[in-house]
Amino acid sequence: MSRFSNTVIGLLNLFTLLASIPIIGGALWIERNSATCESFLQTPLLVIGFIILIVSLVGFIGACFHLAWALWLYLVAMLLLIAALLGFTIFGFIVTGAGGGEGVSGRLYNEYHLEDYSPWLRKKVENPKYWLTIRSCILGSKTCGDIVMWSPVDYLTKDMSPIQSGCCKPPSVCNYEMGMMAQDLDCYKWNNDPSMLCYECDSCKAGVLEDVRRDWRKLSVLNVIMTLLLIGIYCIGCCAFRNTQRAESDHPYGENRMSKVLPRWDFYWWRWWHERRHQLY
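Here the sequence shown is numbered in our numbering, starting from 454 and rising by one per residue.
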């Protein structure tokens, strides 16, 4: 039973170690593939992934060296991790529930509006310091490099990413032949300068949030799978830990645990008397 328990705990640590890899990889994928350098998704995932990695090592040490306290710490940490990952996943579904683009008549791309997104996400991009960092990342990624060279036909036949739609062109409702007539405020923020374009437009911020929303949705699916996997591993780990405790105790499971009772005070006298009688007769 002890060997079986150690094997199970070893497999559990292997599974949790493997489970941390896609979480860390997903966080690094955001940084590598994002044109906006958003970090409010990357940082929590990196923290959770590395904590899972450390917890797996603690469980491995406890299984190899038969340290009950290490295994107990492993299970407690696993429970906290499951709660944290579950909370992060639920929060992700809540803040990304709103949003999405609106189709433009005669165009393949959508346009995005800042007021459609959750207040928590809007607060992030409305912070001037935070937006300056995102704006620099968009400029460095050269996301708008191809869009500025498009012909009118290209705008009718080609699709755009959310960031390209919001940051690289003025909103489709803008009509610059109308002079000073009232229009969307983003229409007045547009500038033909490649370093300006519509980077200060609300539509650009909305495009960034749509990009974040799509990434977060993909990662939320991964988080659900990882949470279910960790819950299953935790349940099996509790059984294995209980078996290990039984195997390491002085009275293994299934053995009679009744202690021996000392004879009564007159037992030895009674036995001596009967032995003497047999000798005499």
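Backbone N, C-alpha and C fix where the C-beta goes; we use that ideal spot for every residue, glycine too.
Remember, predicted model here, so these are calculated numbers, not experimental data.
Within 7 Å, strictly: CB atoms of I507 and L538 = Here residue 507 corresponds to residue number 54 of the sequence shown, with the count starting at 1. Here residue 538 corresponds to residue number 85 of the sequence shown, with the count starting at 1. No, the pair does not count as a contact, with Cβ atoms beyond the cut-off.
Could you pull the start and end residues of the alpha helix (DSSP H) that K611 belongs to?
-> As a position in the sequence shown, residue 611 is number 158, starting the count at 1. K611 -> no alpha helix (DSSP H), and no H or E assigned at all.
Report, in whole angstroms, the separation of the C-beta atoms of C621 and I600, which I expect to be a contact under 8 Å.
-> Taking the sequence shown and counting its residues from 1, the one referred to as residue 621 is at position 168. Taking the sequence shown and counting its residues from 1, the one referred to as residue 600 is at position 147. Between I600 and C621 the Cβ distance is about 4 Å, and since that is below 8 Å, they are a contact.
Decide if H727 is buried, meaning its Cβ has at least 16 other Cβ atoms within 10 Å, or exposed.
-> Looking up residue 727 in the sequence shown gives position 274. Label assigned to H727: exposed.
Own chain residues within Cβ distance below 6 Å of K658, not counting five before or after | Indexing the sequence shown from 1 puts residue 658 at position 205. If we look at K658 and ignore the five residues flanking it on each side, its Cβ neighbours are L567, V578.
Extent of the continuous alpha helix (DSSP H) to which Y583 belongs = As a position in the sequence shown, residue 583 is number 130, starting the count at 1. Looking at the DSSP string, the run of the alpha helix (DSSP H) that includes Y583 is 581 to 594.
Identify whether G556 lies in helix, strand or coil by the three-state DSSP scheme.
-> Taking the first residue of the sequence shown as 1, we reach residue 556 at position 103. The answer is strand: DSSP assigns G556 an E or B state.
Can you grab the Cα-Cα spacing for the pair L534 / N466, in whole Å?
-> The residue you call residue 534 lines up with position 81 of the sequence shown. The residue you call residue 466 lines up with position 13 of the sequence shown. Cα to Cα, the separation comes out at about 14 Å.
Verify whether the separation of the beta carbon atoms of T542 and N676 is less than 7 Å.
-> As a first step, residue 542 is located in the sequence shown; it is residue number 89 there, counting from the start. As a first step, residue 676 is located in the sequence shown; it is residue number 223 there, counting from the start. Yes, they are a contact pair.
Please report how far the alpha carbon of S656 lies from the alpha carbon of W643, in whole angstroms.
-> Walking along the sequence shown from the start, residue 656 turns up at place 203. Walking along the sequence shown from the start, residue 643 turns up at place 190. So the two alpha carbons sit approximately 11 Å from each other.
Expressed to the nearest angstrom, what Euclidean distance is found between the alpha-carbon atoms of W573 and C517?
-> Numbered from its first residue, the sequence shown carries residue 573 at position 120. Numbered from its first residue, the sequence shown carries residue 517 at position 64. The straight-line gap from Cα to Cα measures roughly 45 Å.
Could you pull the start and end residues of the alpha helix (DSSP H) that K642 belongs to?
-> Within the sequence shown, the letter at position 189 stands for residue 642. Segment 638 to 642, the alpha helix (DSSP H) holding K642.
Contact set for Y570: own chain, Cβ-Cβ below 7 Å, skip 5 residues either direction = Stepping through the sequence shown from its first residue, residue 570 is reached at position 117. Result list for Y570: A551, G552, A659, L662, in chain order.
What's the call for A480, buried or exposed, on a 16-neighbour Cβ count within 10 Å?
-> Here residue 480 refers to the residue found at position 27 of the sequence shown. Buried.
The ligand PLP heavy atoms versus the CB of M602: any closer than 6 Å?
-> Among the components of this structure there are no ligands whatsoever, and the ligand PLP is therefore not found.
Alpha-carbon to alpha-carbon, L585 and L498 | The residue given as residue 498 occupies position 45 in the sequence shown. The residue given as residue 585 occupies position 132 in the sequence shown. Cα-Cα distance, rounded: 23 Å.
Please name the residue or residues paired with N563 in a DSSP beta bridge.
-> Counted from its first residue, the sequence shown places residue 563 at position 110. Bridge partners of N563: G556.
Cα-Cα, which of K576, I547, K611, V511 is closest to G559?
-> The sequence position of residue 559 within the sequence shown is 106, counting from 1. With distances taken between Cα atoms, G559 lies closest to K611.
Beta-carbon spacing of D664, I587 below 7 Å | Indexing the sequence shown from 1 puts residue 664 at position 211. Indexing the sequence shown from 1 puts residue 587 at position 134. The answer is no: Cβ separation not under 7 Å.
Nonlocal neighbours in the same chain, by C-beta distance under 8 Å from S618, ignoring five residues either side = Here residue 618 refers to the residue found at position 165 when the sequence shown is read from its first residue. Excluding sequence neighbours, S618 sits near G554, Y562, N563, E564, Y565, S656, G660.
How about W525: is its C-beta nearer than 7 Å to some C-beta of chain B?
-> Given the protein chain composition of this structure (a single chain), no chain B is represented.
Distance between L532 and T680 (C-alpha atoms, nearest Å) = To locate residue 680, count along the sequence shown from 1; it is residue 227. To locate residue 532, count along the sequence shown from 1; it is residue 79. Approximately 11 Å between the Cα atoms of the pair.
Expressed to the nearest angstrom, what Euclidean distance is found between the alpha-carbon atoms of I684 and D668?
-> Position 231 of the sequence shown, counting from 1, holds the residue named residue 684. Position 215 of the sequence shown, counting from 1, holds the residue named residue 668. Going from the Cα of I684 to the Cα of D668 covers about 24 Å.
Compare the Cα-Cα distances from V674 to each of L471, I476, V606 and report the closest residue.
-> Against the sequence shown, residue 674 aligns to sequence position 221. The shortest Cα separation from V674 among L471, I476, V606 belongs to I476.
Quick one: using the 10 Å Cβ neighbour count with 16 as the cut-off for buried, is L672 buried or exposed?
-> As a working mapping, residue 672 is identified with position 219 in the sequence shown. Classification for L672: buried.
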